[in-house]
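Visitor:
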Amino acid sequence: MNIDNKQLEREIENAIRARGLKEQMLQWDKEAKGERREVKGNEASEQKITPWRKIRRTIYSLSAVAAVAAILIVAIPTSTWHSTYHQLARWGYRQYAHFFLKQQPKQPVVYEHTITELMAMAEPSVKNIVDSYYELEILGHENPMNEAFWLIIKGNYDMAQLLLSDAKEIYNEPQQFNQSILYDIEYLEAICYLGQNQRKNALNRLTAIANSDSPHKDLAATLAAEMK
Amino acid sequence: MTDKEIIQSFIDNNQRGIREVYYAWRVPFEQSVSYRTQLDVDYMDDAYQEAFIRLQQHILTERLTADNIQRSLLAYIKEIGYFVAMEIINKRRELPISQLYPSTDDEDEVQHEERGFEYVEPVGDSDGTFNLSKHLDTEEREHIIRSLVEQLGAPCAPLLIGFLWENKSMSNLAQELGYSNADSAKTQKSKCMNKVKTFVKHKLIEYGYEY
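Protein chains in written order, with the numbering used here: chain U, 1 to 228; chain F, 229 to 439.
1) Consult DSSP for LEU380(F) and reduce its assignment to one of helix, strand or coil.
2) Are LYS440(F) and LEU387(F) closer than 7 Å when you measure CB to CB?
3) List the endpoints of the continuous alpha helix (DSSP H) containing ASP411(F).
4) Specify the secondary structure class of HIS371(F) as computed by DSSP and reduced to three states.
5) Can you round the beta-carbon distance between ALA279(F) and VAL312(F) to whole angstroms, since I take them to be within the 8 Å contact cut?
6) Answer yes or no: do LEU182(U) and TYR193(U) have a C-beta to C-beta separation smaller than 7 Å?
7) When the cut-off is 7 Å and only beta carbons count, does GLY34(U) lie next to chain F?
8) In chain order, what are the residue ranges of uninterrupted alpha helix (DSSP H) at least 4 long that sit wholly in the stretch 165–200 of chain U?
9) Taking the alpha helix (DSSP H) that PHE238(F) falls in, what are its first and last residues?
10) Could you tell me the alpha carbon to alpha carbon distance between ILE186(F) and PHE238(F), rounded to whole angstroms?
11) At 7 Å on the CB atoms, spell out the chain F contacts of GLU38(U), in chain order.
12) Please report the residue range of the alpha helix (DSSP H) in which SER79(U) lies.
13) From the beta carbon of LEU62(U), is the nearest beta carbon of chain F less than 7 Å away?
14) If you run the structure through DSSP and keep just helix, strand and coil, what is THR222(U)?
15) Hey, is the stretch 150–169 of chain U in contact with the stretch 83–97 of chain U, meaning 3+ C-beta pairs nearer than 8 Å?
16) Can you pull the chain U residues whose beta carbon is under 9 Å from the beta carbon of VAL428(F), in chain order?
17) Taking TRP253(F) as the reference, which of GLU307(F), LYS419(F), LEU432(F) has the closest Cα?
18) Among residues of its own chain, excluding the 5 on either side of LEU223(U), which ones have a beta-carbon nearer than 7 Å to its beta-carbon?
19) Shorter than 7 Å from the beta carbon of GLN379(F) to some beta carbon of chain U?
20) I want to verify the contact list: residues of chain F whose CB lies under 9 Å from the CB of LEU72(U), in sequence order.
21) Going along chain F, which residues have a C-beta under 8 Å from LEU21(U)?
22) What residues from chain U crowd round GLN243(F), counting only those whose CB sits closer than 7 Å?
23) Between TRP28(U) and chain F, is any beta-carbon pair separated by less than 7 Å?
24) Is the beta carbon of VAL126(U) sitting closer than 7 Å to the one on ILE191(U)?
25) For TYR111(U), which three-state DSSP category applies?
26) Excluding the five sequence neighbours on either side, which residues of its own chain have a C-beta within less than 7 Å of the C-beta of LEU302(F), listed in chain order?
27) Give me the chain U residues within the contact set of LYS425(F), using Cβ-Cβ distance strictly less than 7 Å, ordered along the chain.
28) With C-beta atoms as the reference, is ILE389(F) less than 7 Å away from GLY20(U)?
29) According to the neighbour-count rule (16 or more other Cβ atoms, all chains shown, within 10 Å of its Cβ), is GLU13(U) buried or exposed?
30) Under a Cβ-count criterion, where at least 16 other Cβ atoms within 10 Å of its own Cβ denotes burial, should GLY174(F) be classed as buried or exposed?
31) Is the Cβ-Cβ distance between LEU392(F) and ARG17(U) less than 7 Å?
32) Give the DSSP-derived three-state secondary structure of TYR347(F) in the structure shown.
33) By DSSP, does ASP213(U) sit in helix, in strand, or in coil?
34) Is the beta carbon of ASN197(U) sitting closer than 7 Å to the one on ILE115(U)?
35) Compare the C-beta of ASP353(F) with all C-beta atoms of chain U and state if any pair is closer than 7 Å.
36) Is DSSP giving GLY41(U) helix, strand or coil here?
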């Protein structure tokens, strides 16, 4: 079969365009595979998860958790929650003690004097302090120390301690009169610890007072010595 | 894009348009070919690209035009894909020619219509008959020329492909490929074209074509 020159040239040009197309198709396939790899490999980021989608995901997750929690709270009685909580707390404390405290079995401690005896020893000094304020009438009616004294006399030491703590705030500014009251407050706080059977705290406070310039240091030292 | 726009894209070397259909047709092509021929997936890319190139050649040689197209281009390329797949599977030279190309018997034409296939008739057959040997010569010759052009290297390949496929101007090609100016690139292009023609002519004579 004869082929003319023009026809041959056209066919060669078509063949060159075919080769160009072939090379281009290979390039397109590479680009398409590269894009698919990026999409797969970066689901959250390359896939361009917008900030709004992230927020939406978080909101959905939190809503689901909140819904489950609400159902549980409504369905389970309060008493069950309380008992479960206390059981967990006890269990947690036992584990803590087992692993961290490594406590020896507690031996019952024998003191020379009971709390009642120690309070009886401290009573005269407490009465002196309280009477001195009443006699001098130096405290205003609103002063918490008035009520604190009354509570100490009644034996309500924990409430008295709270009020003494409030009184400390009032008299914390550096004045001689204030310092005198502060010494009294510190001593009475130590007595309150003793009244609450908090021997260790009471002993620490009394020891500190005994080593200070407090007018009650001798009393404190005596009591501290009796607390063996 | 419409089929006419797609055909025009091939004629104009509109790469954006061609890429659009290249991506769009891949899945339906693979589904059709896979279903009809059981072609191994490893060869699907080759089959698709070969079918695409043949479609381009049919358009460039005006065997397929915007006026004579009777079915969708997608259906057309699926049919090309069927034959390409059969060639790959059966190693073309071992397969009888009658099984490679459609027959001219009426009975088979009915089958073609049922299948919805519209194969392109070669240009020049005014009596409406299908000239198998002429068609075979054209396809074979194109195949031979393409395989020869595949072997082209630098400096001719980038220059000719850049000009004929990428539609780059001579001045752009001169700049990209390091020629002193557009005229130098043009001179080189002419030399390359003559070399390729000489090379192809010699090879076609070996294959039995007369020049």
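Each residue gets a CB set at the ideal place from its N, CA and C atoms; glycine is no exception.
Guide: In short:
1) The count along the second sequence starts at 1 and reaches residue 380(F) at position 152. Coil, per DSSP.
2) Absent from the model: residue 440(F). The displayed extent of chain F is 229 to 439, so no value can be given.
3) Within the second sequence, numbered from 1, the residue matching residue 411(F) stands at position 183. 410–435 is the extent of the alpha helix (DSSP H) around ASP411(F).
4) Looking up residue 371(F) in the second sequence gives position 143. Here HIS371(F) sits in helix by DSSP.
5) Looking up residue 279(F) in the second sequence gives position 51. Looking up residue 312(F) in the second sequence gives position 84. Their Cβ separation, rounded to whole angstroms, is 5 Å, which keeps ALA279(F) and VAL312(F) in contact under 8 Å.
6) Mapped onto the first sequence, residue 182(U) falls at position 182. Mapped onto the first sequence, residue 193(U) falls at position 193. Cβ distance not < 7 Å, so LEU182(U) and TYR193(U) don't count as in contact.
7) As a first step, residue 34(U) is located in the first sequence; it is residue number 34 there, counting from the start. Cβ-Cβ to chain F under 7 Å: no for GLY34(U).
8) Inside the stretch 165–200 of chain U, DSSP marks whole alpha helix (DSSP H) runs of 4 or more residues at positions 176–195, from first to last along the chain.
9) Position 10 of the second sequence holds residue 238(F). 231–240 is the extent of the alpha helix (DSSP H) around PHE238(F).
10) Here chain F has residues from 229 to 439 only, and residue 186(F) is not among them.
11) Indexing the first sequence from 1 puts residue 38(U) at position 38. Residues of chain F passing the Cβ test: none, with the nearest at roughly 16 Å.
12) The sequence position of residue 79(U) within the first sequence is 79, counting from 1. Where SER79(U) is concerned, the enclosing alpha helix (DSSP H) stretches over 78–96.
13) In the first sequence, residue 62(U) corresponds to position 62, counting from 1. Cβ-Cβ to chain F under 7 Å: no for LEU62(U).
14) Numbered from 1 along the first sequence, position 222 holds the residue referred to as residue 222(U). In this structure, THR222(U) counts as helix in the three-state DSSP scheme.
15) no
16) As a first step, residue 428(F) must be located in the second sequence, where it is residue number 200. The answer, in chain order, is LEU8, GLU11, ILE12, ALA15.
17) As a working mapping, residue 253(F) is identified with position 25 in the second sequence. Of the candidates GLU307(F), LYS419(F), LEU432(F), the one whose C-alpha sits nearest the C-alpha of TRP253(F) is GLU307(F).
18) In the first sequence, the residue the question calls residue 223(U) occupies position 223. If we look at LEU223(U) and ignore the five residues flanking it on each side, its Cβ neighbours are LEU118, MET121, ALA122, LEU206.
19) As a first step, residue 379(F) is located in the second sequence; it is residue number 151 there, counting from the start. In terms of beta-carbon proximity, GLN379(F) stays away from the interface with chain U, with every pair separated by 7 Å or more.
20) The count along the first sequence starts at 1 and reaches residue 72(U) at position 72. Under the 9 Å cutoff, chain F gives no residues; its nearest Cβ is about 49 Å from LEU72(U).
21) As a working mapping, residue 21(U) is identified with position 21 in the first sequence. Result: ILE246, PHE280, ILE281, GLN284, TRP393.
22) Here residue 243(F) is taken as the residue at index 15 of the second sequence, counted from 1. Result: GLN24.
23) Mapped onto the first sequence, residue 28(U) falls at position 28. It does; some Cβ of chain F falls within 7 Å.
24) As a first step, residue 126(U) is located in the first sequence; it is residue number 126 there, counting from the start. As a first step, residue 191(U) is located in the first sequence; it is residue number 191 there, counting from the start. In this structure, ILE191(U) lies closer than 7 Å to VAL126(U) by Cβ.
25) In the first sequence, residue 111(U) corresponds to position 111, counting from 1. TYR111(U) falls in the coil class under three-state DSSP.
26) Reading the second sequence from its first residue, position 74 is the one you call residue 302(F). Closer than 7 Å at Cβ, skipping near neighbours: TRP253, PRO256.
27) Mapped onto the second sequence, residue 425(F) falls at position 197. What LYS425(F) touches in chain U: LEU8, GLU9, ILE12.
28) For this step, residue 389(F) is matched to residue 161 along the second sequence. For this step, residue 20(U) is matched to residue 20 along the first sequence. Cβ distance < 7 Å, so ILE389(F) and GLY20(U) count as in contact.
29) As a first step, residue 13(U) must be located in the first sequence, where it is residue number 13. When all chains shown are included, GLU13(U) counts as buried.
30) Because chain F is modelled from 229 through 439, residue 174(F) falls outside the range shown and cannot be assessed.
31) In the second sequence, residue 392(F) corresponds to position 164, counting from 1. In the first sequence, residue 17(U) corresponds to position 17, counting from 1. In this structure, ARG17(U) lies closer than 7 Å to LEU392(F) by Cβ.
32) Position 119 of the second sequence, counted from the start, is the residue given in the question as residue 347(F). Legend: pLDDT at TYR347(F) = 43, less than 50; position of this residue unreliable, value from coordinates given subsequently. Coil at TYR347(F), not helix or strand.
33) The count along the first sequence starts at 1 and reaches residue 213(U) at position 213. Coil at ASP213(U), not helix or strand.
34) As a working mapping, residue 197(U) is identified with position 197 in the first sequence. As a working mapping, residue 115(U) is identified with position 115 in the first sequence. Going by C-beta atoms, ASN197(U) is nearer than 7 Å to ILE115(U).
35) Walking along the second sequence from the start, residue 353(F) turns up at place 125. Only weak support exists for where ASP353(F) lies, its pLDDT of 38 falling under 50; the value from the coordinates is given anyway. Judged by the 7 Å Cβ criterion, ASP353(F) is not in contact with chain U.
36) As a working mapping, residue 41(U) is identified with position 41 in the first sequence. The answer is helix: DSSP assigns GLY41(U) an H, G or I state.
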